[in-house]
Structure formats: C-alpha cells, structure tokens
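Reviewing the structure listed below.
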Amino acid sequence: METPLLRYRLTDPIGVTTKVYALVIIAGSVWLFMSHPVAGILMLLFGIFPLVQYKCLEIDLYSGTYCMGINILGHTVGTREPYPGTKCIFLKKNRTIASHSRRSWRPIASTSFDSFLWLEDGTKILLSCDGTKDAAIQRIQPLAEELKTEILDLTAPLSQA
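For the sequence shown, my numbering begins at 2 and goes up steadily by one.
Here it is as structure tokens:
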C-alpha cells in the first residue's frame with residue numbers, strides 16, 4: 002500500500018543562533034507577561050514560531066494535489082495545486098562568480114548543487130541547494146524512492162574560465 006501523504010522538508014533545521022534568539026524571546030515574553038499579558042502572549046507566539054515551523058513540499062497521492070508551504074506542527078499552510086505526476090528529479094550545478102571581495106580583487110567562484118522536482122506539466126520545484134554533490138543526492142534520495150522516480154545528474158563539469 003502506498004503512503005497517501007508525502008511530506009518533504011525543504012529547509013534545514015534551524016541553527017543554534019536562531020534557537021538562542023527564540024529562547025531569549027520566550028524568556029522575555031514570560032517577563033513581559035507579568036505586566037502586560039496580551040503583549041507577553043504575542044511575544045511568546047513569535048518566540049515559539051521558529052521552533053515549530055519549516056518550509057515543506059506536501060504531496061497527497063489520494064486527492065492528487067501538492068502544496069508548497071510552511072508546515073506548522075504537522076499542518077501545511079499553503080495553496081494546493083493539482084499534482085500531474087512526476088517526470089524526474091534532477092540535480093544541477095550552479096556556479097556563481099562574484100567580482101571581488103573586501104580582502105581580494107580576484108574573482109571568487111562558489112559552486113552549489115541544486116535539486117529540482119520536475120512535474121509532468123513542466124513545473125520545476127526547487128528541493129535543495131547543497132554545497133556538495135553527495136549531500137544533495139543523500140537529501141533527495143528518500144523522495145525519489147517514495148515517488149518511484151529516477152534522479153538525473155546534470156552536473157557536467159563547467160568550463161574553466
């Protein structure tokens with residue numbers, strides 16, 4: 002039996018700095034609640050929000066829809082679109098060249114590996130941007146297995162300029 006609802010996390014878990022900021026906001030809201038209860042509750046909600054939300058892609062195979070949105074405590078908020086089916090998942094190499102940095106006048110090149118879900122209607126959904134090819138493949142492999150689709154590797158070496 003197929004899984005009726007596929008949920009794929011599009012963002013990384015929050016970092017330590019964001020967790021610390023959220024905890025400081027929560028602590029401040031408790032202190033503020035003593036004198037201003039409404040403001041304290043609002044501030045508490047803003048402090049909890051980064052801890053319980055993430056961007057996700059949700060595919061409902063039973064109803065034939067998909068949703069790109071924010072998942073908050075297991076419920077995805079976003080617009081539902083008809084799910085036409087999947088052509089493939091492909092991996093693409095992006096190279097960005099900055100003209101210079103503060104420390105050097107030499108051009109700086111950075112490379113990222115972007116993975117996309119390509120739907121039958123031509124829609125391309127960005128799944129991840131990773132620094133290494135192995136990390137990108139490991140991240141998209143579970144979704145490819147659940148959707149029973151292939152992963153196309155379009156990361157041919159770029160010309161050296």
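We treat Cβ as the ideally placed atom computed from N, Cα and C, and that holds for glycine.
Across the structure, V39 and V21 are spaced so that their CA atoms are roughly 23 Å apart. Residue environment: A110 is assigned as exposed (fewer than 16 neighbouring CB atoms within 10 Å of its CB, all protein chains considered).
In this structure, DSSP gives G79 a state outside helix and strand, which the three-state scheme calls coil.
When DSSP states are grouped into helix, strand and coil, M69 belongs to the strand group. Judged by pairs of C-beta atoms under 8 Å, the stretch 86-96 touches the stretch 145-152, as three or more such pairs exist.
Annotation for S116: the continuous beta strand (DSSP E) segment containing it runs I109 to L120. If the five residues before and after V78 are omitted, its C-beta is found closer than 8 Å to the C-beta atoms of G70, I71 and N72, all from its own chain and listed in chain order. Annotated three-state conformation of I42 is helix, per DSSP.
In the three-state scheme derived from DSSP, where H, G and I count as helix and E and B as strand, I138 is classed as helix. Restricting attention to P5, G16, T133 and L144, the CA atom closest to the CA of G65 is found in P5.
Distances from the CA of I27 to each of I15, L52 and Y9 were compared; the closest alpha carbon is that of L52. In the structure shown, I126 falls within a strand segment according to DSSP collapsed to helix, strand and coil. In chain order, I90 and I152 place their CB closer than 6 Å to the CB of A145, counting only its own chain and leaving out the 5 sequence neighbours on each side. If you draw a 10 Å sphere on the C-beta of S36, you find fewer than 16 other C-beta atoms in it, and that means exposed. Exclusion of the five residues before and after I141 leaves I90, S116, L128, S129 and I152 as the residues of its chain whose Cβ lies within less than 7 Å of its Cβ.
Pairing N95 with T112 gives a Cβ-Cβ distance under 8 Å. About 5 Å separates the beta carbon of L155 from that of K93, a gap short enough to meet the 8 Å contact definition.
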